[in-house]
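Here the structure comes first, spelled out in structure tokens, and everything after it is commentary.
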Amino acid sequence: MDIIGAENYNADKQMDDPQFTPRRAARNRTKPKKYDEFLDTPVAKRKTRCYVSSSDEDIDENTTPKPKALFGNDDVEGQDIFKFKSRHTKNDLHNKVKAAVTHTSINTNSPMKTPRKNLNLLQKATEATPKHVVNIMKKKIIKEVESDSSDSDFSGSSSDFVPEKSDEENDSSASDSGSNVEDENCPKKSTTSLITRNRGSKLKQKDAEYFVTPDNYFMMNSSKKITTSDHTLARLKNMNLDENVREADIHMSTEHQNRITDLTETYDQLFDRWIYVLSENFNVILYGIGSKRQVLQRFQSKKLHDMPCIVVNGFFPSLTMKNVLETIVVDLLENTHVPSNIGDAVNLIEAQLDECGVHLFVIVHNIDGVMLRSFKAQSMLASLAQLRNVHLIATIDHINAPLLWDHSKLSKFKFTWWDVTTFLPYIEETSYENSLMTQRSGVLQLSSLKSVYQSLTTNAKGIFKIVIEYQLENQKQSHYQGLPFKDLYSKAREHFLVSSDLALRAQLTEFLDHKLVKQKRTLDGSENLVIPIESALLQQFLDQLTTFQ
Amino acid sequence: MKSKYQDNNMESTVSVSKGVFLFSNGFKRAKHLKKKSKQPLFDSLFNKEPWYVTYKYNWNAIEIQLKELHEKTYSVLLNDIVSYVKSFDQDHQYDSIEGIIPSATLLTGVNQPDHANQFLALIHKIREDVTPHVAMISSQDASTVKHLVESAVSQLIHGQDYLDDSADDSMTEQTIRLKKSQCTMRALHNWYQSKYVSTSPKKLKHAAPKKTLVVIMPDFESFSCNILQDFVMIVSSYITSLPIVLIFGVATSVSALHKSFPYHVSSKLLIKVFHSHPSHVYMNQVLENIFLTHTSPFHLCGRAFELLTDVFLFYDFSVTGLVQSIKYCMMEHYYGDNIKALCCSPDKIEETISKLTSVDLEHIRQLLSFRPFLEIQECETKIGLFEDDNFFREVLCKEMHKLHDYLYSFYLCVRLLSALVKDLPKNLLGKTVREIYAKCSIEHVTNTQPFKECMQLLNFQSQVKMADSIKNALKEINSVLQIVSPVKPLRSTPSKTNMNSIAVNNDLGQDFAKSISIHFLTFLRQIENAHNEAPVLAYANHERENDLETDIIPGNRYKLKEKLLKATRVEKIQSEFEMVRSRFVSYLEEMFAKGLRPPRTQTFHEILFFSDLSSVKKQIVGSPRGALHLALNNPVHYLQCSCCHLPSPESISEWLPDVSIAYKLHRECGKHINLYDWLQAFAAVLRPDEEDDERYQDAGIQVRFTRAVAELQFLGFIKSSKRKTDHVMRLTW
């Protein structure tokens with residue numbers, strides 16, 4: 084934790100001294116407001132770093148050395164990224180949205196919406212409320228909430244707040260500093276109430292220090308139960324987005340588009356510097372949000388157009404280190420095969436590149452890609468990057484990417500770090516990935532289901548339909564085992580779909596091959612058939628079928 | 054045309070079947086083999102720039118120094134190991150013990166990156182002194198026992214050419230090279246028999262004494278235990294016919310060895326442990342001998358220096374890393390700036406100055422530290438400085454020499470201070486030269502509280518200690534004085550008359566050092582002589598105390614108290630030693646006030662001192678996570694757009710980029726996030742005015758949300774979860 088924290092929370096911005104940063108000077112960044120706050124809060128932390136004056140000499144003897152220049156005032160405060168949050172409630176999300184909405188749209192000007200800051204003030208003011216009163220009030224409110232939580236649509240609103248036992252117990256026990264109740268009106272609904280958990284002033288103060296609140300971590304992880312609402316994406320009516328819509332242009336305002344082009348152009352000025360750094364046997368690593376492919380491609384076409392160059396897409400799902408080595412050893416250096424031992428392969432590359440007096444540039448998009456995350460791949464890349472004639476330019480995106488390297492690897496990589504934030508969408512990078520959303524909405528599954536289904540014979544279609552219908556009817560059982568083979572056979576016979584047991588099995592193999600159906604054996608030895616697709620999707624499929632016919 | 058090329062390029066690196074793309078850009082191996090003498094690629098890029106030439110020259114000099122220092126530091130340790138290995142080479146006392154492998158364990162410390170050099174030096178040394186047959190096996194070559202044995206055996210048989218290609222004469226007569234797959238212990242045995250044993254009866258005098266075979270494993274901890282155990286067992290079965298010695302490099306402690314070897318294996322090993330220096334000792338040596346001297350061409354300002362030592366002390370303990378960081382600072386210092394060509398050794402200054410163009414001179418005139426210098430000049434001189442390039446060159450030359458003189462005395466004073474302060478209690482200024490350097494170069498150290506306290510403490514020091522520390526200080530001075538600076542004679546005669554009008558305080562440099570040396574010598578003599586007088590006074594005091602004691606009637610505490618009080622009121626007569634001591638301390642204060650002015654007070658210090666900490670910090674200590682958070686939390690910082698200004702960093706507005714909105718919303722959730730709710734919140738932020746139903750049906754919003762979620766997943770903030778339908782897990786707190 085310490086190391087990661089220390090390594091990462093040095094996001095230093097150089098705005099304090101603009102004359103030192105020629106490339107950024109023109110842009111003249113405004114100082115983000117939060118720094119003012121940062122400067123206020125962690126006073127205690129800062130103090131320890133200063134020199135202890137002579138008055139408290141006794142303490143002085145035992146102080147451990149503190150880094151002096153490592154952390155500057157302009158760093159991103161580690162607390163902001165890493166601190167243990169106190170327990171999240173459902174309302175956090177809602178409150179956030181509300182705060183945002185009040186800020187943006189003034190036209191609603193409802194007096195009952197309290198901006199966040201006022202909220203805090205209010206909480207402080209009401210802190211003196213005796214505990215038992217609070218508890219009574221809270222119980223009342225919970226009752227109320229429960230009563231009208233039946234038919235609201237908007238998840239964030241308090242209406243779907245389902246109070247839990249664990250919560251209640253927590254609150255009533257003395258350990259918690261007490262919760263606070265606040266009446267608030269929702270703009271569009273009838274009067275409902277919100278329960279906001281008060282962190283209490285004591286706890287809040289502790290929060291200001293980085294390391295004092297591990298309790299919160301345990302609080303957060305104590306209950307196994309997932310305390311979110313039970314809504315699923317099935318509630319969306321247009322679950323399956325059209326292919327065309329999905330591929331539509333990434334939404335971005337024109338202002339942002341212009342700014343992003345400006346931003347990426349400033350990075351072009353770094354190209355010469357990179358070449359210089361590379362020439363001194365350092366390697367270059369780029370980080371920051373946004374796809375960095377474009378920047379690197381420009382770099383390649385501008386600066387590396389007459390040198391041998393290898394581009395590795397680390398995000399490519401079936402990339403192996405062997406591919407990379409093969410490209411270098413076989414395709415570039417024209418050998419017949421790659422030595423099986425990694426050390427030998429690296430030695431070979433070193434010797435041959437040296438012999439030719441040529442420098443090889445390796446560009447790795449996403450060195451933290453899924454296939455490159457193994458220890459072996461990284462140590463291989465490290466020993467390649469270490470060679471005098473190999474120069475590595477890599478990008479990282481994952482937040483935990485720096486954990487890939489231990490310090491012997493880091494010393495081989497000899498990275499220089501460059502912040503290349505572009506805000507460009509990760510189009511190629513995420514294209515191979517099964518997005519959480521699209522997977523849920525099941526467009527792919529549905530379309531593949533359809534295409535397989537359409538190629539079936541009418542009899543097979545009938546059999547498949549039987550399985551679907553049975554599954555949809557019976558899925559609500561707690562232990563749905565699937566449709567027993569025997570039952571299927573009898574049903575299929577009834578519909579004159581098959582005449583014999585064997586014929587049915589022949590049909591079934593087709594389904595099994597396409598993974599439309601899974602076979603399960605139960606304890607008593609009977610075969611059961613299950614379709615491994617969610618019921619909502621199946622229902623939709625069935626609906627579509629009936630409309631087509 | 055260009056854009057077309059770019060487009061082609063773009064498309065060509067995206068494929069559904071390939072992840073690696075080659076752009077050979079006209080490279081053909083056969084072609085390049087012929088014209089081998091082609092100039093290295095990079096040299097042609099910068100070679101003509103004066104700054105680059107100076108940089109390269111200076112860095113090479115530093116590298117040579119580093120190498121020398123390195124050899125010096127490790128020589129003792131390496132000699133120990135080599136003589137240990139030798140002992141098995143000569144007397145075969147251990148032959149009698151069945152199956153015991155002699156082995157050395159080198160405790161290297163956790164700074165593994167530094168060890169490569171150490172082991173290379175060891176190999177070199179063993180080659181020279183003991184045996185040509187050395188194998189070094191790193192853990193990545195030893196994924197199985199087979200690989201391990203193969204690479205060990207082939208290195209032992211084929212000797213040097215694995216590690217350096219220089220010795221090729223002897224290798225040519227070597228018989229056919231064995232293939233990797235043929236390298237087994239049996240092959241090694243046969244080879245050894247034919248080389249050393251079987252020939253011995255024929256020509257006894259030629260048959261050199263049996264050479265030991267040395268196998269080195271530099272990173273013991275990264276090997277898998279089972280493989281090592283097997284290897285040890287195999288070797289032990291051959292040990293009667295093959296004199297093998299194992300050397301392990303262990304980063305942690307000896308217990309690592311015992312943990313990975315069970316009794317039946319460790320009983321086969323005769324282990325002797327060697328300790329190497331802790332890395333911080335080595336770091337101090339490197340810094341003190343190479344970078345914190347007046348001979349170093351390039352100097353770091355205090356803050357930058359602190360950053361680098363902090364990285365060392367708090368992150369990696371690696372001296373190699375430290376040197377690389379310093380190298381990076383140096384690169385940054387010189388990059389693209391021709392006036393930095395002046396950042397060279399003093400004897401080259403004239404030459405460099407004569408080569409500077411008037412544009413460069415103009416750059417120098419714009420340096421910030423030139424201003425105070427200008428202000429104290431007379432009007433005429435001022436005009437001359439601006440208009441007459443030649444005159445300016447002369448002044449510049451003079452000032453640069455002055456700067457070097459200043460450096461000379463500055464580093465001398467730093468060393469003196471550290472020699473004097475080192476043994477004081479409480480470590481107010483730090484113990485090592487580097488700590489004191491960092492303090493001195495940041496501020497006027499003589500004005501600070503710690504310095505004053507140190508001087509006070511010095512004022513309490515005993516005679517013996519004082520004499521000792523003065524002696525130490527004198528040693529420092531003499532070692533510095535021995536490095537004769539060639540500057541002196543060159544600049545003794547000012548060529549122009551108006552040169553004299555320039556205010557010069559020429560009291561630094563070597564003269565300064567000499568005067569300090571003389572002063573210290575006299576003080577030392579005085580203090581040592583004062584030794585004789587001191588006991589008399591002490592004795593007198595002692596007698597009076599005795600008086601006191603005899604007077605005391607037991608039990609009469611009040612009287613005793615009275616007397617003690619009276620005794621304190623009696624004025625102490627300063628002994629001679631005390632007088633000398635206080636004079637010495639006041640001399641020190643005066644001297645340090647003169648010699649320890651921080652670099653930024655000097656004219657043209659920018660040329661020699663690297664002070665642009667902020668520009669290198671980002672590159673040396675990356676902050677990928679911080680940058681991500683900052684960009685997502687406050688996009689304005691990067692985008693500089695007018696639309697995204699937020700009232701507070703936590704707030705959300707619909708104008709923010711989609712990822713940023715999704716990120717901020719997800720921070721409000723607990724460990725699990727309901728995708729549906731998240732989507733609704735997202736939609737509510739984007740379309741605050743619309744009716745709920747309308748908003749939910751908007752496919753556009755869904756698409757945007759889907760993309761944002763996919764990107765957050767790609768960035769590692771969330772992952773899918775099977776615990777509940779349509780939920781994702783949050784991966785950060």
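Residue numbers (the numbering used here), protein chains in the order written: chain E, 84 to 632; chain A, 54 to 786.
Glycine included, every Cβ here is placed at the ideal spot set by N, Cα and C.
Fair warning: this is a prediction, and the values are worked out from it, not measured in the lab.
Counting only the Cα atoms, Ile368 of chain E lies some 29 angstroms from Glu338 of chain E. Between Cys278 of chain A and Pro350 of chain A, the C-beta spacing is not below 8 angstroms. In the DSSP assignment, Thr405 of chain A falls within the unbroken alpha helix (DSSP H) covering Ile402 to Lys408. Contact annotation for Val613 of chain E against chain A: no contact, minimum CB-CB distance about 17 angstroms [criterion: below 9 angstroms]. Against chain A, a Cβ distance below 7 angstroms from Leu316 of chain E picks out Leu728, Tyr729 and Asp779. Contact check for Phe568 of chain E against Glu610 of chain E passes: the beta carbons are separated by less than 8 angstroms. Counting along the chain, Phe314 of chain A sits inside no alpha helix (DSSP H), nor does DSSP assign it H or E at all. Spanning the alpha carbons of Asp390 of chain A and Leu414 of chain A requires a straight line of approximately 12 angstroms. For Leu266 of chain A, the uninterrupted beta strand (DSSP E) segment begins and ends at Leu266 to Met270. Here Asp369 of chain A is not near His597 of chain E, since their CB atoms are 8 angstroms or more apart.
If you check the CB distance, Arg757 of chain A and His334 of chain E come in under 8 angstroms. Considered as a whole, the stretch 347-433 of chain E harbours 354-362, 376-386 and 404-409 as its complete alpha helix (DSSP H) runs of no fewer than 4 residues, in chain order. Using a 10 angstroms sphere on the CB of Gln352 of chain E, the tally of other CB atoms stays under 16, which defines it as exposed.
Cβ contact annotation for His457 of chain A (same chain, cutoff 6 angstroms, sequence separation greater than five): Pro399, in chain order. Within a 10 Å sphere around the beta-carbon of Asn243 of chain A sit fewer than 16 other beta-carbons, which makes this residue exposed. Those residues of the stretch 398-413 of chain E placed with their C-beta closer than 9 angstroms to a C-beta in chain A are Phe398, Phe399, Pro400, Ser401, Leu402, Thr403, Asn406, Val407, Glu409, Thr410 and Ile411, ordered along the chain. For Asn557 of chain E, the three-state secondary structure derived from DSSP is helix. Assignment of beta-bridge partners to Met782 of chain A by DSSP yields A:His725 and A:Lys772. According to DSSP, Pro155 of chain A shares a beta bridge with A:Leu323.
Secondary structure of Asn279 of chain A (DSSP, three-state): helix.
When beta bridges are read from the DSSP output, Pro425 of chain A appears opposite no residue.
DSSP places Thr478 of chain E within a strand segment (E or B) once states are collapsed to three. Thr656 of chain A has a beta carbon lying at 8 angstroms or more from every beta carbon in chain E. Contact annotation: the stretch 674-687 of chain A touches the stretch 696-713 of chain A, with at least three C-beta pairs closer than 8 angstroms.
Taking a C-beta distance under 8 angstroms as the contact criterion, Ala583 of chain A and Val623 of chain A do not qualify as a contact pair. Residue burial annotation: Thr505 of chain E is buried, with at least 16 other C-beta atoms found within 10 angstroms of its C-beta. With a threshold of 8 angstroms between beta carbons, Phe76 of chain A makes contact with chain E. In terms of CA proximity to Pro331 of chain A, A:Thr126 leads the group A:Pro478, A:His352, A:Lys671 and A:Thr126. Looking only at A:Asn170, A:His328, A:Phe276 and A:Lys670, the smallest Cα-Cα distance to Phe314 of chain A is reached by A:Phe276. Listed in chain order, the positions of the stretch 331-353 of chain E with a beta carbon within less than 9 angstroms of a beta carbon of chain A are Ala331, Ile333, His334, Met335, Ser336, Glu338, His339, Asn341, Arg342, Ile343, Asp345 and Leu346. Secondary-structure assignment with DSSP links Arg604 of chain E through a beta bridge to E:Glu610. Chain-ordered, the chain E residues with CB closer than 9 angstroms to the CB of Val738 of chain A read Lys179, Val180, Ala183, Val184 and Thr187.
When DSSP states are grouped into helix, strand and coil, Trp488 of chain E belongs to the coil group. Non-local beta-carbon contacts of Ile393 of chain E in its own chain, meaning distances under 8 angstroms to residues more than five positions away in sequence, involve Val407, Thr410, Ile411, Leu415, Leu443, Phe444, Val445 and Ile446 in chain order. Pro567 of chain E carries a strand assignment under DSSP once its states are collapsed to helix, strand and coil.
Rounded to the nearest angstrom, the gap between the Cα atoms of Leu460 of chain A and Gln118 of chain A is 20 angstroms.
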